[in-house]
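Here the UniProt record's numbering is used: the sequence shown runs in plain steps of one and ends on residue 523. Everything on this sheet refers to the single structure shown next.
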Amino acid sequence: MSFTNIKNLENNGIQKICIDSSGNDKEFVYVCDNERNVLKFNKQSLLSDEKPEVIEIPDATTSSIAWFGDNICFGYRKVDFIKGSQQQTVGLAKNGKFDEEKISNPLEFEMDVTSVDVNEENVVGGSSDYAVKLTSLKHPDAEWKRRTLEAEILCVKLDPKNEFVAVSTVDGNVTIISIDSFSIAHTLTNVFPKFETIDVSNARIQISWSKDGSSLFVPSKDCVKSFQRDEWEESGIYRLKDTANFSVTTVSPCGNYLAASTMDNQVVIWNCVDRSVLSSEKFERNARGVTIITSIEFSPFAAYQLIVADSNRGICIFNAFEDTNSAEALAESKNEKNAVNSNDSDDDDDDSIILNRTAVRKDDLFNDEAMEDDDEATRMSSDIGAIKRQYNFDNQNLDGLEEFGFQLGEPEAMPGGSNAPQIHQIPMYSEPPAPKKVLIPERFVCNSSAPVDPEATQRFLKYNRFGIVRSYVNEANKVSTLDVSSLFLYYFQFLTFFSLFSIIFPVNYCENSENRSKNCVFQ
Numbered sequence: 001m002s003f004t005n006i007k008n009l010e011n012n013g014i015q016k017i018c019i020d021s022s023g024n025d026k027e028f029v030y031v032c033d034n035e036r037n038v039l040k041f042n043k044q045s046l047l048s049d050e051k052p053e054v055i056e057i058p059d060a061t062t063s064s065i066a067w068f069g070d071n072i073c074f075g076y077r078k079v080d081f082i083k084g085s086q087q088q089t090v091g092l093a094k095n096g097k098f099d100e101e102k103i104s105n106p107l108e109f110e111m112d113v114t115s116v117d118v119n120e121e122n123v124v125g126g127s128s129d130y131a132v133k134l135t136s137l138k139h140p141d142a143e144w145k146r147r148t149l150e151a152e153i154l155c156v157k158l159d160p161k162n163e164f165v166a167v168s169t170v171d172g173n174v175t176i177i178s179i180d181s182f183s184i185a186h187t188l189t190n191v192f193p194k195f196e197t198i199d200v201s202n203a204r205i206q207i208s209w210s211k212d213g214s215s216l217f218v219p220s221k222d223c224v225k226s227f228q229r230d231e232w233e234e235s236g237i238y239r240l241k242d243t244a245n246f247s248v249t250t251v252s253p254c255g256n257y258l259a260a261s262t263m264d265n266q267v268v269i270w271n272c273v274d275r276s277v278l279s280s281e282k283f284e285r286n287a288r289g290v291t292i293i294t295s296i297e298f299s300p301f302a303a304y305q306l307i308v309a310d311s312n313r314g315i316c317i318f319n320a321f322e323d324t325n326s327a328e329a330l331a332e333s334k335n336e337k338n339a340v341n342s343n344d345s346d347d348d349d350d351d352s353i354i355l356n357r358t359a360v361r362k363d364d365l366f367n368d369e370a371m372e373d374d375d376e377a378t379r380m381s382s383d384i385g386a387i388k389r390q391y392n393f394d395n396q397n398l399d400g401l402e403e404f405g406f407q408l409g410e411p412e413a414m415p416g417g418s419n420a421p422q423i424h425q426i427p428m429y430s431e432p433p434a435p436k437k438v439l440i441p442e443r444f445v446c447n448s449s450a451p452v453d454p455e456a457t458q459r460f461l462k463y464n465r466f467g468i469v470r471s472y473v474n475e476a477n478k479v480s481t482l483d484v485s486s487l488f489l490y491y492f493q494f495l496t497f498f499s500l501f502s503i504i505f506p507v508n509y510c511e512n513s514e515n516r517s518k519n520c521v522f523q
């Protein structure tokens, strides 16, 4: 059990995943946010760095989308800037074409569409204005069917038998509406804790029907409740722990598994028949912001995977059945592994055998001589003594190294002394060595820079934007000569200062432009 790397979606907030509930399309997955984007994923873009197709819906989507066959329905908001009005509607994209001029509007509401569902015959939507509306896809001119409930709509779900619509609302109730008469057939009260409005911080209460429509699954506090069709009585409880507050449910396409997520991002999968827990894993992220799972769906790409989307722009795949004994999951996993292995060449197989020294090559499987050689190689690879004997390392006197050019015995005498290396001991309190003369680098010296005084022992050079300063020191006569020469001194009509070793010497401007050098002698 593990989660794949998390990919980033376009926006934060509630995300809604949808797959083709008819089971015909197993190549794509749609994700709708509450801004204006519908993302179209395939397997490659969901598992790798490849980006999904971004479909922009004018003017805003409402995190509600459903898909059956050729029909994709989603809730969105249209704004007429000329009239200054807004229209809350359910959009219908035939064959996945989301062009604005090709989107029809089978249903309209007074406020935002909060949930939508579609099957082969009907499309149903719920809104924040407490209204539930249904219309026929086979008869576009048919009138809408409308029912107003007592609270804001959380989720609408069509019965697989196309007889009922199950509706969850924020007041903690689930209402069963008959499709034919659109009257209330039954109301399940206080099924889950009530709250005020739809928000990321509140449970989504996404309900699900079993594949045959015999049971309705409703997330609740501490468990997921199952209600039997027609009698509408509680028939089973799916638990994980007593503190779990369940939010979203979904049923696998095969109908054998029920998956749910909690408000603290725990993902659980049960067996629908015996209600045993098959898989449970905590969904964790280190990203900033609020991270709550808002939608889960079984992957159309593999039977043992679950697609998870959260409120913090995250989407990933949960490998749910890796550690279970699910026959379908194991068969699917085996088929995928065989498909991957079939793409490998024989050379790759041989390389893998070479890397494993204890294995026998396929070509030599029935070759006794080759098997004996392999046995010897295997024995030597596992017997350190055999390796040492082969390279003469078992001789403790290291005599075997002589054949490699090493000379054993007494070390060679060091040239110019005894065998022991000579170490010059420096007295701890000896006199420091005499300072060496610091001469001007050769690149700074020219013919005219030689010392005028032949007894000068040191000379120094200082250069800046004004010119060059030379100092000659005669220690015998205790005389220092400072020479200043510059091509720029004649530009200045004022006193110029030069700095040499923290001593400042004034140099007067020379009227004669040919005489640009001034010697200062000091004691």
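Note that beta-carbon positions come from the ideal geometry of N, C-alpha and C, so glycine has one too. Here the structure is a predicted model, which is why all the values come from computation and not from measurement.
How many angstroms separate the CA atom of residue i from the CA atom of residue j?
i, j, result
"Glu27", "Pro58", "26 Å"
"Gln124", "Ile315", "Per the sequence presented here, residue 124 reads as Val, with Gln not at that position. Distance between the alpha carbons of Val124 and Ile315: 27 Å."
"Ile207", "Asn8", "26 Å"
"Asn5", "Ser235", "38 Å"
"Val224", "Lys241", "11 Å"
"Glu10", "Arg36", "10 Å"
"Ala203", "Val248", "8 Å"
"Asn286", "Asn265", "13 Å"
"Pro300", "Ile19", "7 Å"
"Leu154", "Pro253", "23 Å"
"Ser45", "Lys51", "5 Å"
"Ser210", "Ala259", "12 Å"
"Ile14", "Thr291", "10 Å"
"Gly213", "Ile198", "27 Å"
"Ser295", "Phe74", "15 Å"
"Asn95", "Thr62", "21 Å"
"Met1", "Glu56", "35 Å"
"Phe109", "Asp80", "15 Å"
Among the options, whose alpha-carbon lies nearest the alpha-carbon of residue i?
i, options, result
"Asp33", "Phe321, Asp117, Asp310", "Asp310"
"residue 588", "Pro106, Gly91, Leu278", "In the structure as shown, the chain starts at 1 and stops at 523, and residue 588 therefore has no counterpart that could be examined."
"Ala131", "Val156, His139, Val118", "Val156"
"Ile103", "Arg77, Glu284, Pro300", "Arg77"
"Asp180", "Asn162, Gly172, Thr197, Glu196", "Asn162"
"Tyr257", "Ala142, Asp274, Gly126", "Asp274"
"Val267", "Ser220, Phe321, Glu281", "Glu281"
"Val170", "Asp80, Ser85, Ser127, Ala185", "Ser127"
"Ile65", "Val113, Gln88, Ser22", "Val113"
"Val277", "Ala60, Lys43, Tyr238, Glu150", "Tyr238"
"Asp25", "Ala302, Asn312, Ala320", "Ala302"
"Lys97", "Ser201, Thr148, Gly213, Asn71", "Asn71"
"Gly23", "Phe195, Val79, Gly255, Ile293", "Gly255"
"Ser215", "Ile176, Gln87, Thr61", "Ile176"
"Ser201", "Asp49, Gly289, Val29, Asp80", "Gly289"
Taking 6 Å as the limit between beta carbons, can you name the residues of its chain near residue i, skipping five residues before and five after?
i, result
"Asp363", "Summary for Asp363: the model assigns pLDDT 43, below 50, so the residue's position carries little reliability, and this model does not support an answer."
"Asp347", "Annotation note: pLDDT 42 at Asp347 (below 50); position unreliable, coordinate value reported separately. Same-chain partners within the cutoff: there are none."
"Asp221", "Going by the sequence as given, residue 221 is Lys instead of Asp. These residues qualify, in order along the chain: Pro193, Asn245."
"Phe3", "Cys316, Phe318"
"Glu297", "Ile17, Ile19, Thr250, Ile307"
"Asn508", "Low confidence applies here, because Asn508 scores a pLDDT of 44, under 50, leaving its location unreliable; read the following figure in that light. Nothing listed; no residue qualifies."
"Arg313", "Asn8, Leu9, Asn12"
"Gln87", "Lys78"
Mind checking which residues open and close the alpha helix (DSSP H) that includes residue i?
i, result
"Gln206", "No alpha helix (DSSP H) holds Gln206; DSSP gives it neither H nor E."
"Ser45", "43–47"
Starting from residue i and walking both ways along the beta strand (DSSP E), at which residues does that stretch end?
i, result
"Glu167", "Strictly speaking, residue 167 in this sequence is Val, with Glu absent from that position. Unbroken beta strand (DSSP E) run through Val167: 164–169."
"residue 578", "With the chain covering only 1 through 523, there is no way to say anything about residue 578."
"Thr291", "Neither: Thr291 is in no beta strand (DSSP E) and is coded neither H nor E."
"Ile57", "No beta strand (DSSP E) holds Ile57; DSSP gives it neither H nor E."
"Thr135", "131–136"
"Cys32", "29–32"
"Asn319", "314–319"
"Ile176", "174–178"
"Gly126", "122–127"
"Thr114", "113–118"
"Cys155", "153–158"
Can you determine whether any heavy atom of the ligand SAH sits closer than 7 Å to the C-beta of residue i, and answer yes or no?
i, result
"Cys73", "As presented, the structure is devoid of all ligands, the ligand SAH included, so that no description of it is given."
Below 8 Å CB to CB, which residues in the same chain sit around residue i once its five sequence neighbours on both sides are set aside?
i, result
"Asn122", "Leu134, Thr135, Ser136, Leu137, Leu158, Asn162, Ile179"
Excluding the five sequence neighbours on either side, which residues of its own chain have a C-beta within less than 7 Å of the C-beta of residue i, listed in chain order?
i, result
"Val191", "Gly172, Asn173, Val174, Val218, Ser220, Lys225"
"Leu107", "Thr89, Val90, Val123, Gly125, Lys133, Thr135, Trp144"
"Asn335", "Low confidence applies here, because Asn335 scores a pLDDT of 49, under 50, leaving its location unreliable; read the following figure in that light. Around Asn335: no qualifying Cβ."
"Val54", "Glu10, Asn37, Leu39"
"Glu120", "Phe68, Gly69"
"Val160", "Note on residue identity: the sequence assigns Pro, not Val, to residue 160. Here the set comprises Trp209, Lys211, Asp212, Gly213."
"Ala60", "Glu35, Arg36, Tyr76, Arg77"
"Met263", "Ala203, Asn245, Ser247, Ile292"
What are the start and end residues of each continuous beta strand (DSSP E) run of 3 or more residues lying completely inside the stretch 60–105, in chain order? For the stretch 60–105, whole beta strand (DSSP E) runs of length 3 or above, ordered along the chain, are 60–68, 71–80, 85–94.
Contained beta strand (DSSP E) runs [length at least 3] in the stretch 226–252, N- to C-terminal order: Fully enclosed beta strand (DSSP E) runs of 3 or longer: 234–239, 246–251.
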